[in-house]
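In what follows, a single structure is set out as structure tokens and then discussed.
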Amino acid sequence: MHDCLICTSTLIRRVALLLSCPMDFRMFPFDTQSCGIQMESYGHTTEELVLEWAEPPMEIDLSIRLPEFELKQWGTRRCDNMVLTGNYSCTEAYFKLVRRFGYYLIQAYIPSILLVIISWLTFWIN
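Its first residue numbered 3, the sequence shown is counted upward by one per residue in the numbering used here.
Spelled out as structure tokens, the structure:
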């Protein structure tokens, strides 16, 4: 049994993660991708452990830009799971990426169109 009604403990640990995001390319290059990470306790129920984000939960440096994507939405939420053995605490960070069409227009479409036009011009030079 617990000695206090609300016990608070803070564990801060830096972790380097290499994460992947499953992407759906059916609408490429007009696609939107949703990515996230979930952290969950498998050994302690919510009666023993509750995972929460510290404030502020996410810090986004908007000066850093990805050439192919624009960060449209981000945030955190709870994702607690209820199974036969009890309720388990879970927290999630998510973000939504929208692909920049202009990047592909400049990097792929315009050069490809110019290459085709130049190749056609060789037939008319004679």
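Yeah, the Cβ is synthetic: ideal placement off N, Cα and C, and Gly gets one too. All of these numbers come straight from a predicted model, not from anything done at the bench.
Coil, strand or helix - residue i by DSSP
{"i": "Thr-34", "result": "strand"}
{"i": "Leu-86", "result": "coil"}
{"i": "Trp-76", "result": "strand"}
{"i": "Thr-47", "result": "strand"}
{"i": "Pro-113", "result": "helix"}
{"i": "Ser-22", "result": "coil"}
{"i": "Trp-55", "result": "coil"}
{"i": "Phe-125", "result": "helix"}
{"i": "Ser-64", "result": "Rather than Ser, the amino acid found at residue 64 in this sequence is Leu. In this structure, Leu-64 counts as coil in the three-state DSSP scheme."}
{"i": "Val-118", "result": "helix"}
Which listed residue (the options) has its alpha carbon closest to that of residue i
{"i": "Met-60", "options": "Arg-16, Ile-115, Thr-124, Thr-78", "result": "Thr-78"}
{"i": "Gln-35", "options": "Glu-72, Leu-53, Ile-127, Gly-104", "result": "Glu-72"}
{"i": "Arg-28", "options": "Ala-110, Arg-101, Phe-125", "result": "Arg-101"}
{"i": "Ala-95", "options": "Leu-20, Gly-38, Met-25", "result": "Gly-38"}
{"i": "Asp-33", "options": "Trp-55, Phe-103, Trp-122", "result": "Phe-103"}
{"i": "Thr-47", "options": "Asp-26, Met-84, Thr-93", "result": "Met-84"}
{"i": "Ser-43", "options": "Leu-107, Cys-81, Leu-20, Asp-63", "result": "Cys-81"}
{"i": "Leu-99", "options": "Ile-119, Arg-67, Gly-45, Leu-107", "result": "Arg-67"}
{"i": "Pro-31", "options": "Glu-49, Leu-107, Leu-19", "result": "Leu-107"}
{"i": "Leu-64", "options": "Trp-55, Lys-74, Glu-57, Val-118", "result": "Lys-74"}
{"i": "Gly-88", "options": "Leu-51, Gln-109, Leu-20", "result": "Leu-51"}
Beta-bridge pairing of residue i - partner residues as DSSP gives them
{"i": "Gln-40", "result": "Glu-94"}
{"i": "Phe-71", "result": "Arg-101"}
Contact under 7 Å by Cβ, residue i with residue j
{"i": "Ser-22", "j": "Leu-53", "result": "no"}
{"i": "Thr-93", "j": "Met-25", "result": "no"}
{"i": "Glu-70", "j": "Tyr-111", "result": "no"}
{"i": "Trp-122", "j": "Phe-97", "result": "no"}
C-beta neighbour in chain B for residue i, strict 7 Å
{"i": "Cys-37", "result": "Here chain B cannot be found, since the structure has a single protein chain."}
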